[in-house]
Amino acid sequence: MTPRLRFAPSPTGDLHVGGARTALFNWLYARHLGGQFLLRIEDTDRERSTEHAVRAIFDGLTWLGLDWDEEPLFQHAREAAHRAAAAQLLQSGHAYRCYCTTSELEQMREEQRAHGAKPRYNGRCRHRSDAPDLPFVVRFKTPSDGSIAFDDLIKGRMVVANDELDDLVLQRSDGTPTYNLAVVCDDAAMRITHVIRGDDHVNNTFRQLHLYRALGLTEPAFGHMPLILGDDGAKLSKRHGATSVFEYARLGYLPAAMRNHLARLGWSHGDQEHFTTDELIAAFDIHEVGSSPSVFALQKLDSLNGWYLRNSDLDELTDLFAKYLDREGIAVEVDHDRSWLRQIVAAQRERTTTFKEMAEKSGYFFRTPLELDEEAAHKHLRPVVLEPLRELRDALAALDAPLTAEAVKTPFEAILARHELKMGKLAQPARVALTGSAISPGIFDVIEITGKQRCLDRLDAALAYVERRATGELAS
RNA sequence: GGUCCCAUCGUCUAGCGGUUAGGACGCCGCCCUCUCACGGCGGAAGCAGGGGUUCAAUUCCCCUUGGGACUACCA
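For the first sequence, our numbering begins at 7 and goes up steadily by one.
Here is the structure:
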């Protein structure tokens with residue numbers, strides 16, 4: 007039997023990091039086993055499901071690099087099968103019609119709470135023999151004694167007494183199936199062999215196990231992974247900041263970093279911190295997933311992202327960065343080609359942690375008017391550098407060959423030697439002149455990326471600035 | 001409240017009866033250095049508490065405490 011795993015989100019919003027990790031673990035394990043990874047959209051609640059959210063889930067998975075096999079199954083399309091299952095259970099005596107109204111149920115729970123009892127359905131309609139012409143729901147007749155157990159792939163043996171489980175609704179009064187019925191029918195129909203989902207489903211698993219048995223279906227193996235918590239220890243939610251994978255995409259994180267980070271939440275492989283996707287697939291084993299919840303720490307993601315920035319293939323990175331700029335509408339107001347952008351990525355990737363930061367710190371490459379940092383200018387563009395800076399300008403102007411970092415090095419150092427200057431004494435003024443800032447990539451790289459004409463223009467402007475200071479036109 | 005799950009540095013984690021309790025992020029210091037980074041080296045930082053079991057418990061068991069999940073005609 008080939009392993010078949012699935013990710014079954016309900017389309018009520020973007021793909022959030024918790025769902026992303028569930029998808030990732032299913033995907034990893036499916037690939038690890040050489041099986042299939044399937045998608046099912048749990049849209050039986052037509053009210054809350056939106057087409058936009060379906061799109062968002064597909065896009066989110068695609069961004070993360072998780073591919074799925076076969077066409078995604080939309081659960082609402084299987085309503086007939088779900089009804090048939092409910093009918094079968096009614097027929098076999100495993101379920102019954104319940105005519106209690108919502109307000110009656112509300113009142114029932116209210117009273118139970120008042121008595122300090124567990125609020126649950128009391129089985130009032132369980133034994134009624136009449137069949138009034140009233141709206142009804144189909145309820146499952148949960149065994150009243152004994153217990154139900156299963157061996158969780160992650161948590162081990164799980165047991166609960168049957169009387170903790172009340173008679174759940176299988177089919178609503180409008181004839182639509184509820185979650186638990188639909189899940190069981192569809193997992194069986196999809197021949198799912200391993201159900202790996204969040205911890206929040208353990209209670210459902212007990213109920214679903216009863217349904218599998220009542221329906222005479224083969225049970226899959228179950229694994230419940232611990233939830234992801236926010237940095238305050240509570241279940242990750244909006245108030246913890248970005249929760250949608252798209253937000254991370256927009257913040258300039260790499261899918262590879264996100265995958266690595268998510269994978270390491272609850273799972274580890276010795277002391278290994280960085281994984282290629284193939285390594286992840288080879289090493290991942292659902293049995294090794296830890297059972298305690300973990301906190302989604304942004305700092306760790308940052309460091310991982312920086313690592314992937316520094317260690318990924320430069321061309322791939324350049325493509326991704328170009329896409330990022332495009333997606334975020336960040337304009338590059340200079341004629342350029344892919345190799346120019348590649349130089350920027352090469353120069354910036356050691357000093358940035360995300361594409362967002364990379365873009366922000368590359369403004370002096372992207373745009374022509376320079377924003378001069380006052381403090382940096384005041385500190386580094388002083389009259390003493392007038393001569394060396396002018397010589398640099400002239401040396402660059404005199405160079406016939408393109409201003410590559412390599413080509414610029416020699417004349418630059420000649421000026422240093424002539425004036426008996428340390429590297430920093432000329433590099434910093436030049437840096438401020440060319441970038442407007444005291445912080446940038448190496449000065450030779452900056453010169454190369456900036457290009458001859460812009461270098462000369464900017465040096466001229468800086469020279470003029472220094473001259474004005476020298477003549478006292480500017481307060482120094 | 002009830003049921004279930006969980007508990008090693010601040011965080012992610014290794015550990016699977018005997019370890020100077022390891023790694024990573026973050027933090028601190030030093031080195032490298034044209035700035036910022038990267039990189040290298042070093043440091044501070046942890047077994048929640050209490051009982052057992054055992055020659056020996058971070059490790060096995062129980063209790064306490066603390067977290068979390070579930071408790072719908074949502075999924």
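Built from N, CA and C at the ideal position, the CB exists for glycine as well. Because the structure is a prediction, the values reported are computed rather than measured.
Query: Using DSSP bridges, identify the partner residues of VAL175.; Result: ARG145
Query: Please classify PHE212: does DSSP put it in a helix, a strand, or coil?; Result: helix
Query: Just how far apart, CA to CA, sit ARG163 and PRO78?; Result: 32 Å
Query: Who are the near neighbours of SER150 in its chain, counting only those whose CB is closer than 7 Å to its CB and skipping five residues on each side?; Result: ASN168 and ASP169
Query: Taking 8 Å as the cut-off, decide whether the C-beta atoms of THR28 and ALA59 are in contact.; Result: no
Query: Measuring alpha carbon to alpha carbon, tell me which residue in THR249, THR224, HIS425 and PHE31 is nearest GLY236.; Result: THR249
Query: Mapping the DSSP letters down to three states, classify ALA123 as helix, strand or coil.; Result: coil
Query: Measure how close the beta-carbons of PHE43 and ASP75 come, nearest whole angstrom, since I'm counting them as under 8 Å.; Result: 6 Å
Query: From PHE491 to THR477, what distance separates their C-alpha atoms?; Result: Lying before the first or after the last residue shown, residue 491 is absent from the chain, which here runs from 7 to 482.
Query: Along the beta strand (DSSP E) that carries CYS104, what are the first and last residues, could you check?; Result: 101-104
Query: Can you tell me which of the three DSSP states ARG256 falls into?; Result: helix
Query: For HIS230, write down the residues that DSSP places opposite it in a beta bridge.; Result: ARG203
Query: Out of curiosity, what's the CA-to-CA distance linking GLN214 and ASP172?; Result: 12 Å
Query: In or out: HIS216 buried (at least 16 other Cβ within 10 Å) or exposed?; Result: buried
Query: Give the secondary structure of VAL452 by DSSP, where H, G and I count as helix, E and B as strand, and everything else as coil.; Result: helix
Query: Below 8 Å on the Cβ atoms is my contact criterion, and I expect LEU310 with HIS267 to pass it. Report the Cβ-Cβ distance as a whole number of Å.; Result: 5 Å
Query: If you measure between the beta carbons of THR108 and GLY258, is that distance less than 8 Å?; Result: no
Query: With a Cβ-Cβ cutoff of 8 Å, do LEU402 and VAL390 count as a contact?; Result: no
Query: Going by DSSP in three states, LEU79 sits in which element: helix, strand or coil?; Result: strand
Query: For the ligand ADP, I want to know if VAL23 counts as a neighbour, meaning its beta carbon is within less than 7 Å of at least one of the ligand's heavy atoms.; Result: Among the components modelled here there is no ligand, and therefore nothing to report on the ligand ADP.
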